[in-house]
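One structure is given below, encoded as structure tokens.
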Amino acid sequence: MSQNAEPTWTPPQHPVVVLMGVSGSGKSTIALRLEEATGWDFLEGDDLHPQANVDKMASGTPLTDEDRWPWLEAIASWIREHTAAGRAAIVTCSALKRAYRDILRVDDNVVFVFLHGSVNEIGTRVRHRKHQYMPPSLLDSQFQTLESPAPDEHVVTVDVDRTPREITATILETLHQDPESQP
Ligand SMILES: Nc1ncnc2c1ncn2[C@@H]1O[C@H](COP(=O)(O)OP(=O)(O)OP(=O)(O)O)[C@@H](O)[C@H]1O
Ligand SMILES: O=C(O)[C@H](O)[C@@H](O)[C@H](O)[C@H](O)CO
Numbered sequence: 013m014s015q016n017a018e019p020t021w022t023p024p025q026h027p028v029v030v031l032m033g034v035s036g037s038g039k040s041t042i043a044l045r046l047e048e049a050t051g052w053d054f055l056e057g058d059d060l061h062p063q064a065n066v067d068k069m070a071s072g073t074p075l076t077d078e079d080r081w082p083w084l085e086a087i088a089s090w091i092r093e094h095t096a097a098g099r100a101a102i103v104t105c106s107a108l109k110r111a112y113r114d115i116l117r118v119d120d121n122v123v124f125v126f127l128h129g130s131v132n133e134i135g136t137r138v139r140h141r142k143h144q145y146m147p148p149s150l151l152d153s154q155f156q157t158l159e160s161p162a163p164d165e166h167v168v169t170v171d172v173d174r175t176p177r178e179i180t181a182t183i184l185e186t187l188h189q190d191p192e193s194q195p
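Counting from 13, one number per residue, gives the positions in the sequence shown under the numbering used here.
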């Protein structure tokens, strides 16, 4: 794990954790584990894609910025409701570009966790899974679009070459939550 935040960084008391990364990096897998461990509200960001976006991806065409803006705004609204209410939460969203993350970073309660892996490693995973609409052929464009978080974004980066349990424990420790709370 590399923690890009300053050494003195303390997690917010009621964080909204955005699990980001390319398709197949493990966002949903880790989010479900975090949800089980913490009981925090959970949004699968893909559930807010309009049908046109889903159809486009299913046909093997990458989304454009224009396709993504309204989707990102919808996720940001959900995040804002939670930070305003002081409710901790977990969200999955690819958030591939900095401009996308800037929309989601509604205030200091938002903590991005970047699930980082190589195209080979994640490629093997997506070829071996079944997904409702996302074809493995779109993985290259996901990596081409990805802007790795810059140090000043204070994103927590976690390598995905470990078990989901280990990755989740690392994230819980970073958030000052009990890693033993995982079922
Ligand atoms: N740490 C891990 N080790 C091994 N396999 C993993 C790990 N994390 C996830 N996987 C597997 O990799 C595949 C992709 O994971 P997952 O669906 O959670 O990714 P995702 O980022 O949510 O993908 P998408 O954005 O396309 O929905 C799944 O088959 C999952 O079981
Ligand atoms: O920004 C994007 O291109 C999309 O969010 C994709 O990442 C897909 O939604 C996801 O990978 C499928 O699950």
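Ideal Cβ positions, reconstructed from N, Cα and C, are used throughout, including at glycine.
{"Check": "Buried or exposed by the 16-neighbour rule on C-beta atoms within 10 Å, applied to Arg-80", "Outcome": "buried"}
{"Check": "Top-ranked residue by Cα proximity to Leu-231, from Ser-89, Ala-181, Asp-171, Pro-161", "Outcome": "Outside the shown range of the chain (13 to 195) lies residue 231, about which nothing can therefore be said."}
{"Check": "Inter-residue spacing [alpha-carbon to alpha-carbon] between His-94 and Ile-115", "Outcome": "15 Å"}
{"Check": "The stretch 112 to 126 / the stretch 139 to 156 touching (three or more Cβ pairs under 8 Å)", "Outcome": "no"}
{"Check": "Contact check, Pro-191 vs Ala-49, beta carbons under 9 Å", "Outcome": "yes"}
{"Check": "Bounding residues of the alpha helix (DSSP H) (the contiguous stretch that carries Glu-185)", "Outcome": "176 to 186"}
{"Check": "Proximity below 9 Å, CB of Ala-100 to CB of Met-32", "Outcome": "no"}
{"Check": "Distance, Pro-161 Cα to Thr-41 Cα", "Outcome": "21 Å"}
{"Check": "Minimum length 4: unbroken alpha helix (DSSP H) runs contained in the stretch 45 to 130", "Outcome": "63 to 70, 77 to 97, 110 to 116"}
{"Check": "Cα-Cα separation between Ser-35 and Thr-20, rounded to whole angstroms", "Outcome": "32 Å"}
{"Check": "Through-space distance from Gly-72 to Ser-149, alpha-carbon basis", "Outcome": "7 Å"}
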